[in-house]
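In what follows, a structure is listed as structure tokens, so that the remarks can point back to it.
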């Protein structure tokens, strides 16, 4: 008779912990999905800029040699190269954040499962 309240408390605690675990998993899944979408967006932007760079480079050979026009094209090429480099850096950073988030999710899941198992032993 005295074990019933204790058992009920433990079951309530386990249910609460399972709910928190689910919420944490959902939050990590959403964060990973957002990072994945941002990564796709940046990769698409990078492809677009690389294509623009390629087209600019190709069109540069067709331009009538005009010193001012050539200098302007070179400035644009350098600007596109700089922007492409920044996008590459951002992509690498987001990939690292995504990997870290995934590892953290795995770690939290393992920790939560261990705690649930230890609670169930009571």
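In the numbering used here, the protein residues as written are 7 to 128.
All residues carry an ideal CB built from backbone N, CA and C; glycine is no exception.
This one's a predicted model, so the numbers in the text were calculated from it and none came from an experiment.
{"query": "Alpha-carbon to alpha-carbon, residue 46 and residue 127", "result": "45 Å"}
{"query": "Beta-carbon proximity of residue 83 to residue 62, cut-off 9 Å", "result": "yes"}
{"query": "For residue 59 and residue 90, believed in contact at Cβ under 8 Å, the rounded distance", "result": "7 Å"}
{"query": "Completely contained beta strand (DSSP E) runs for the stretch 15–47, where each covers 3 or more residues", "result": "none"}
{"query": "Candidates 21, 16 and 38, of which the one nearest residue 111 by Cα", "result": "38"}
{"query": "Beta-carbon proximity list for residue 23, same chain, < 8 Å, skipping 5 on both sides", "result": "118, 121, 122 and 125"}
{"query": "Bounding residues of the alpha helix (DSSP H) (the contiguous stretch that carries residue 119)", "result": "73–127"}
{"query": "Euclidean distance between Cα positions of residue 55 and residue 86", "result": "7 Å"}
{"query": "Cβ contact check for the stretch 98–112 and the stretch 28–38: 3 or more pairs under 8 Å", "result": "yes"}
{"query": "Nearest-angstrom Cβ-Cβ length linking residue 93 and residue 26, presumed shorter than 8 Å", "result": "In fact, because the Cβ distance is near 38 Å, the residues do not count as touching under 8 Å."}
{"query": "Distance, residue 98 Cα to residue 9 Cα", "result": "55 Å"}
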